Each structure stands twice: as C-alpha cells, then as structure tokens.
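Sequences listed follow chains Z and Y, in order. For the first sequence, our numbering assigns the number 1 to the initial residue and increments by one for each residue that follows. For the second sequence, our numbering assigns the number 313 to the initial residue and increments by one for each residue that follows. All remarks here apply to the structure that follows.
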Amino acid sequence: MDETIRTEALVKNFGRTRALDGLDLVVHTGEVHGFLGPNGAGKTTTLRVLLGLLKADGGTARLLGGDPWSQATELHRRLAYVPGDVTLWPNLSGGEVIDLLGRLRGGLDPGRRKELLERFDLDPRKKGRAYSKGNRQKVALVAALASDVELLLLDEPTSGLDPLMEDVFRQVIRDERRRGRTVLLSSHILAEVEALCDRVTIIRDGRAVESGTLAELRHLTGVSIQAELTHPADGLARVPGVHDLQAQNGQVRFHVDPGALDAALRELTGAGVRSLVSQPPTLEELFLRHYDRAGAGADRAGAGTNQSEVAR
Amino acid sequence: MTALTGTGKLVRLILRRDRVLLPIWTLTFAGLMASIVASFQALFSTAAERQSYADASAADPGFTALYGPLHGSSLGELTVWRAGFYPVLIALIALLTVIRHTRTEEETGRRELLGATVVGRHAGMAAALGVTLAATLVLAALVAAALAGQGLPTGGSLAAGLQLAAAGWVFAAVGAVAAQLTSGAGSARGIAVGVLGGTWLLRVIGDVSGLSGGAVSWLSWLSPIGWAHKLRPFAGERWWVLLLVLALTALGAGVAVALEARRDVGAGLLPTRPGPATAAPGLRSPLALAWRLHRGLLAGWTAGFAVVGVVLGGSASSVADMVADNSNLEEIFTRMGGRTGIVDAYLVSVMGILGLMAAGYAIQATLRLRAEETGGRAEPLLATAVGRLQWAASHLVFSIFGSALALVAAGLTVWLTYGLSSGDLGHQLPRVLQGALVQVPAVWVLAAVAVALVGLAPRFAAVAWGALGLCVILVLVGAALRLDQWVMDLSPFTHLPRVPGAAVAATPLVLLLAVAVALGGAGLAGLRRRGIPAA
C-alpha cells in the first residue's frame, strides 16, 4: 500500500463554523509529512477526524487502508497519537501513563521506552499534576514512540519543549523514518518542518492550499533576486512574472516566477551585472504567501534575505 | 501593602465566577431554616406536644450525634437543633470555596497568569477568604431575617445565623491553611475535610458523652463545630463564643499567610511523593484505569454511607417511643412510610434518604465521563485500541455497582445498630437489606439520566444534578404541599415499594429498570455517534 492517509474534500462543521472546508491530504507510506498551518486552521480537527474521534460531515477519509470512523479501534492498534495539549491523570505517574497507553495500543518495547526516557531526560516517577507542560508533552511522546506502530500522528508535538529537547525530537523522528514508519507532523514551527519533512501540506481555513515536496513548492514559488547593475534596467518592470521590484542606486531587488526567470535575467545582463544573489524561497515565504493576506508584497520582498523580517 | 495589591479586582473576579453558586447556597440554607420552623409549626399545635417530642429527642444518642444537643422545647430551639448538621455543611462549602479559588487556581496555572499582572502575593487568598467570609455573613443575615420574620426572638434568630457563619469562618481559614500544604487541590481538600470530620467527631463524642453526664463532654469545647452549638441560639445565647471563632479564624488566616509567604507559587509545603516508574502489571485496561480514578471517591462514599447508617440506625428504636406520644407525628410517619409500624416507616424514610444520596454518588461517578472528555484525558485513551463503549463502561461500572455497594454498606450498618439496640439481629437483616436494595433501580434511573445527557446533550450534562434536586425537593416538600400524584410520580423514588413493611412488588422495580436501560442505552448510542470532545 502506497498511501497511508488519503482524505478527499473532507468537510467538518461545528455549528455554523466550518472547520474543514474540502480538505485534500495525501500522506505516502514511509514519509514524514509536514502539516502546516497557524492556530485555528483545522490541523487538530483533521487529526481528530483521522482518529475517528470526530465524524466528518462530508468527503472521504482513509487511514491505513480502513475507515477511521467505523474501524477506529482496529486501526488504533497500528498508530500512535500525541495530542497537542497533553493532560495527564493527576494521580498517575508519568511511567504509569506511558505503560498504560502503550498496553492499550497493544504493547510497547521496554528497551525503546528506557532509551527514550533517557534521551528525553524524563523522570517517570512524578505524578501527572507535577509535570510541566514540556514534560507532559514528553510523557505523551515517549508513550507514542515506544509503541510498535506503523503510523505516528503528532499534533504540534514540540510545543513546550526546550531547544535541546526539540533537537532530540528531530533525531528521534529521523530514526523513525529510517525504521520505515509514517509520520504526520502537524506544526506551525516552520524550521522543524523544513528540517524533518519529505512532503508538506499547507492548510488554511480548512483547506489545503499547497501540497508537495519542499523542492516542488519552491519551484512553484520562484526565486528572489538581488543584483547590482551598471545601467538602469528599465525593461525589468515590463517583464510579466516579476513582482515587488525595488530599484535604488543601481541596486535592484525583485521576486520572479519560475517561468519568467529567463526573461528577467536577459534584462539584467542587458543592463550589465556587477553582482547577483538569487535565493530560493524559504518555507516561511511559501507559508506567508498564503497567509499574509493584507500586505503580501512588502513582506515577500525582504523575506528571502532577512529571517527577522519574516518573524514579524 | 503591596502583598494585597489587586485584591479588589480578584474579589470581583470570584464574584463573577460564582455569581450563580453563591446565591444558590446562601438562599438554599436560609430557605431550609425557614422551612424547618414552618414544619414544626405544622407538626405541633401545642407546647405540650413540643415538650414530649423534645424530651424524647434530647435523650437520644443518635439524634444528639447527628444534630447536637437539644436544650429546650421552644420553637427556636427545636429549629436550630434540627438544623444541627447545617454548620458542618456550611463549613464544608466554605473550605471548598476557599480551596477552589486558591489551590485549584494555582494547580491549573491560572494563578500564574494573574500573578504576572499587578497582583500581590497574598491577594488571591485574601480575595478568596474575603468573599467566603462575607458570603457566610450574608447567609447569617438571611437566616436571622427568615427566622425573625416567622416570629422567633430576634437575638436567637441572629445567633442562629451567626452559628452557621461561625462554622464557615473557621473552616474557610482551615481551607486556606490546607491550600498551602499540598500542590494538588485534591489532597488539600482531603486534608481540610479530614480536619472537619475530626472536629465533628470530637463534637459527637463530647455531646453524646454529655447526655449521661459523661467524663469527656469537654471534648466538644475543642471542636469549632462544637462551638457553633455552644453559642446556644434561643437558649440563653453565649455571644462570647464568637470571640473564640474570631480568634481561631484570625489565627488560621495568619498561619496561611505566613505559609504562603514561605513557598513558591504552585508548590506545596508537604513534599509530593513520587509514583512508580512503571505501571503495575494489572494497569492494562480502561477498567483498571477507572479503578485508579474512582477508588478514592468510592471508598469515601461507602465510608460515609456506613457512618450515616450507624447514626440513622441507632435512632430507630427510640423513634417508636418518641412518636407514640404524638398523634400528629404518628399520622405523618404512617403517611410517609409503610403500614406496619412506626419503626418500619422510619426505616423506609431512612432508606429513601440513603437512596437519594446513592443517586448523588451515581451521578457524580457518571459525570466523570464528561470530566475526562472536557479535561482532554479521553482523547489519548480513545486514540488507542479502546472503543468508546468500553471506555464508557469502565466508568459506568462504578456508578452502577458502586452506588449499590454504598447502599449495601449503609444497609448493613443500619441493620447492625438497629438490630443490636432492638436485640433482634437475625430477623432484621433481610428486612433492612431489602429496604436498601429496592432503592437501586431508582438510583440507576438517575444515573441513566446522566448517561443520556452525556451521550446526547453533553453540554447540559450537569442538568443531571437538577434531576436529583427535583427528586430531593419532592421528597422534602411533596407530601407537605400535597402535590398532585403525577408530579410526585416524576421521581423514580416515588414508585419504590415501602420496604421494610410492605411486600416487595416486582412490577415497579422492573419498570424502573426498563426506564434506566432505555435511557442509558440512548445515551450510549449518542456517545457512539457524536464527536469527542463534543464541540
């Protein structure tokens, strides 16, 4: 089987609000798939539909070759889930929760459990109420990762983890991919997705606006170019596909669609190129392209060269 | 004083959050006090009848344990005596309120959110204490007005109100201290309720010993709950007792402030014990998890039922003597209960009370389902190979069998105390146990109402408490108000056979079981179909 997850035109309404509005999502077997979107875009709702916790109002969803709603319990033996907001039972220790969830899933690997506890530096003897947010997250992560399952559904799993632990998390996910597990990683931390994911789906207002490998997405989006010229390149503004052109003291900056690159470069060489920097779009740029509704142009111009601008 | 900065804002926050709860309990208790006066007025038309009732009651150890000492036979004295358990309930409400607005806030992290704003270190506790103390004073004023309004002496009415406030004040301070000790609100509640239980027991031992001029009657002076009775409303008020209350409240609040100044936000003074690093081999099913979550509650309720059974069973023998002198009371008991004797009628009403209490437990245990869902703890569980029905069943086992177990526990202690005092152990066992067990179908109907709400209208799950409240009201006032039979029939408890005394009729029990199954089944079907967590 090639596809672990496929949803088509998935719709979910909560009263009058439409949380999912025709979502298409395909996760191939053995890949780490990034599921990107800001808070409220519908990531958690999608995961809950995939887990059979919520029933879709329209469209289809297939998970591990089965129907997530009607075959929930059988499918759950083959997957592990880390919720975005982990709450633990106050009077159970972390170790007890890890064992319980693992056993309810059909068993967990004691060696792997021990190794993960060490790597995540987690004390399993504390009671649920005594853990910090990050440590509660670790309990859920260890419980999920120590289970022998085909699919991991992770909902913003690093929220609350410190940078050291985020690094451990990345290593562990790379290990999981080597073992051939499929991972659906919902996140709004772009660097994390960029570092880990083979393919990415960007979701906005309950529908997928972009999906593919990072390379494909970059190709679609074009590049930003910064050049120093000997003469003014007046023709540049007339090239279709060139956006956000800024010219000043012999410096030009612009953004160009993939199909227009050739024409744009011809204009540049005609004006005499002293220096040239071209940058592929970062994931931030791809993301902002879909999310920065109001002032897309201003942000896009600087996004490739200045990380801090993106963070605004 | 910077440590109290922002107290006013927090007071407003608490008033906003408790805008329903505070009026409900203050008005309820004031109304209950007023209704006691009315029912005694209806029950006894002459002072002589009151006197004979008071003579029998004052000498009874069971009543003295439950209600405290009875000093005289005036309407005011009888009313305050009959409300003798109210100070304990007000104390309970006060300590729970203070802990809920202090330690629970810290445990959930909301305190931290506020602590980062312009709020002093002690502002949270000051606000919680302030609101609680003020609320009990409002209650005292309401009670005083309600009693004086029915023609009772003003001084005594005021003392009767302050008696409740006194218990509330001391235990608000106890709650504030307990909230400093542990990092979990649950254990803080446990400590404070334990202190309350201990002081109540001191009062019971002291007062019961006092009946026979006993050697340890001074024990009730060690108990703040005892102080409430020592105030003696309508029986020559001892106002200076309030100074003891003020002193202890101030001491408790002072200790709580000193402790709070010595600890970190979120931490408790008592060390939290670490749990096991790995789960016991048995912790491998939803039922095993539910046992861990329910066992404390179940043990508490079962123990509580056993104690109530001891108290109520102990009074059974003396009821007959007491009622024999009063034709009015006899008529009422006969109307309420069975046909074959006053004691049976008394036992029937005791079992009815126990049944309502068991329904309270059953609803609480059922609503754990909803609490697990809204708390986000159902989600990780249902994402494993646990089916929804299996998850629901793991909790419902406790509401179904736990309520029956609690009833059996109470039935056994009623049997023991009543059987021992009447010297008829062997004969009474099946009668009393039967009386306890016939309650079960009605209890299950209310549990099933809760299941139906959780499954079909999860946002209104708490309405199940309203259903129980309706049953309680019908039992309390239904007969007195001579309500129409169809209204009385709304309560499943109305349909139970009056056991012991009457024959056990199978039909109503089977019908109640059928209703419970239908409601529960509909709820579970709804639970299978809806989203979790419900939007």
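Cβ coordinates follow ideal geometry from the N, Cα and C atoms, glycine included. Computed from a predicted structure; not experimentally measured.
Item to complete: Give the straight-line distance between the Cα atoms of residue 777 of chain Y and residue 449 of chain Y, rounded to the nearest whole angstrom.
Response: 27 Å
Worksheet item: Is the segment 224-239 of chain Z touching the segment 52-72 of chain Z in the sense that three or more CB pairs, one from each, lie closer than 8 Å?
Response: no
Discussion item. Please tell me whether residue 844 of chain Y has its Cβ less than 9 Å away from any Cβ of chain Z.
Written reply: yes
Item to complete: Can you tell me which of the three DSSP states residue 324 of chain Y falls into?
Response: helix
Practice prompt. Could you say if the segment 455-464 of chain Y and the segment 336-346 of chain Y meet the contact criterion of at least three C-beta pairs nearer than 8 Å?
Written response: yes
Discussion item. Check whether chain Y comes within 9 Å of residue 131 of chain Z, counting only Cβ atoms and requiring the distance to be less than that.
Written reply: no
Practice prompt. Decide if residue 652 of chain Y is buried, meaning its Cβ has at least 16 other Cβ atoms within 10 Å, or exposed.
Written response: Per-residue confidence for residue 652 of chain Y stands at a pLDDT of 47, beneath the threshold of 50, marking its modelled position as unreliable; the derived number appears in the next sentence. Label assigned to residue 652 of chain Y: exposed.
Discussion item. By the three-class DSSP mapping on this structure, what secondary structure does residue 775 of chain Y have?
Written reply: helix
Discussion item. For a test of the three-state rule: what should DSSP assign to residue 731 of chain Y, helix, strand or coil?
Written reply: helix
Item to complete: Give the secondary structure of residue 652 of chain Y by DSSP, where H, G and I count as helix, E and B as strand, and everything else as coil.
Response: Confidence in residue 652 of chain Y is poor, its pLDDT being 47 and thus under 50, which makes the residue's placement too unreliable to answer from.
Worksheet item: What does residue 605 of chain Y touch in chain Z if you count any residue whose Cβ is under 9 Å from its own?
Response: 89, 91, 92
Fill in: Min CB distance residue 241 of chain Z to chain Y below 9 Å
no
Worksheet item: For the segment 797-822 of chain Y, which segments carrying the alpha helix (DSSP H) assignment without a break, of at least 4 residues, lie completely within its bounds, in sequence order?
Response: 797-800
Worksheet item: Mind checking whether residue 519 of chain Y and residue 399 of chain Y have CB atoms under 9 Å apart?
Response: no
Worksheet item: Leaving out the 5 sequence neighbours to the left and right, which residues in its chain are closer than 6 Å to residue 286 of chain Z when beta-carbon positions are compared?
Response: 217, 221
Worksheet entry | From Y:784, Y:710, Y:441, Y:687, residue whose alpha carbon lies closest to that of residue 319 of chain Y | Y:441
Worksheet item: Out of Y:420, Y:718, Y:749, Y:501, which has the shortest C-alpha to C-alpha gap to residue 577 of chain Y?
Response: Y:420
Item to complete: Indicate whether at least one CB of chain Z lies closer than 9 Å to the CB of residue 584 of chain Y.
Response: yes
Worksheet entry | Reference residue 549 of chain Y, options Y:474, Y:610, Y:619, closest by Cα | Y:474
Worksheet item: By Cβ distance below 7 Å, which residues in the same chain neighbour residue 789 of chain Y in space, the five residues on each side in sequence not counted?
Response: none
Practice prompt. List the whole-angstrom C-beta distance separating residue 762 of chain Y from residue 678 of chain Y, where the pair is believed to meet the contact cut-off of C-beta under 8 Å.
Written response: 4 Å
Fill in: Cross-chain neighbours of residue 401 of chain Y in chain C, by beta carbon under 9 Å
Structure shown: chain C not included; protein chains present are Z and Y.
Worksheet item: Taking the beta strand (DSSP E) that residue 256 of chain Z falls in, what are its first and last residues?
Response: 251-256
Worksheet item: Under the three-state reduction of DSSP, which class applies to residue 298 of chain Z: helix, strand or coil?
Response: Low confidence applies here, because residue 298 of chain Z scores a pLDDT of 38, under 50, leaving its location unreliable; read the following figure in that light. Looking at residue 298 of chain Z - three-state DSSP - the assignment turns out to be helix.
Practice prompt. Give the C-beta separation of residue 584 of chain Y and residue 447 of chain Y to the nearest angstrom, bearing in mind that I take them to be a contact with Cβ-Cβ under 8 Å.
Written response: The pair is not a contact, with the Cβ atoms about 31 Å apart (cut-off 8 Å).
Worksheet item: When DSSP builds the beta bridges, which residues end up paired with residue 243 of chain Z?
Response: Z:255
Worksheet item: If we ignore side chains and look at the alpha-carbon of each, how far apart do residue 210 of chain Z and residue 203 of chain Z end up?
Response: 7 Å
Practice prompt. Measure the Cβ-Cβ separation of residue 125 of chain Z and residue 93 of chain Z and say whether it is below 9 Å.
Written response: yes
Item to complete: Note down, in chain order, each residue of its chain lying with its Cβ closer than 6 Å to the Cβ of residue 38 of chain Z, except the 5 sequence neighbours on either side.
Response: 188
Worksheet item: Tell me which same chain residues have a C-beta within less than 6 Å of the C-beta of residue 711 of chain Y, skipping the five on either side of it?
Response: 674, 677, 678, 759
Item to complete: Specify the secondary structure class of residue 184 of chain Z as computed by DSSP and reduced to three states.
Response: strand
Worksheet entry | Boundaries (first-last residue) of the beta strand (DSSP E) holding residue 102 of chain Z | Residue 102 of chain Z -> not in any beta strand (DSSP E); alpha helix (DSSP H) instead, spanning 94-105.
Worksheet item: Any Cβ of chain Y within less than 9 Å of the Cβ of residue 73 of chain Z?
Response: yes
Practice prompt. Enumerate in chain order the residues of its own chain whose CB-to-CB distance from residue 19 of chain Z is below 8 Å, with the five nearest sequence positions on each side excluded.
Written response: 12, 13, 42, 45, 206
Worksheet item: Using a C-beta cutoff of 9 Å, does residue 83 of chain Z count as contacting chain Y?
Response: yes
Worksheet item: What is the rounded straight-line gap between the Cα of residue 490 of chain Y and the Cα of residue 409 of chain Y?
Response: 12 Å
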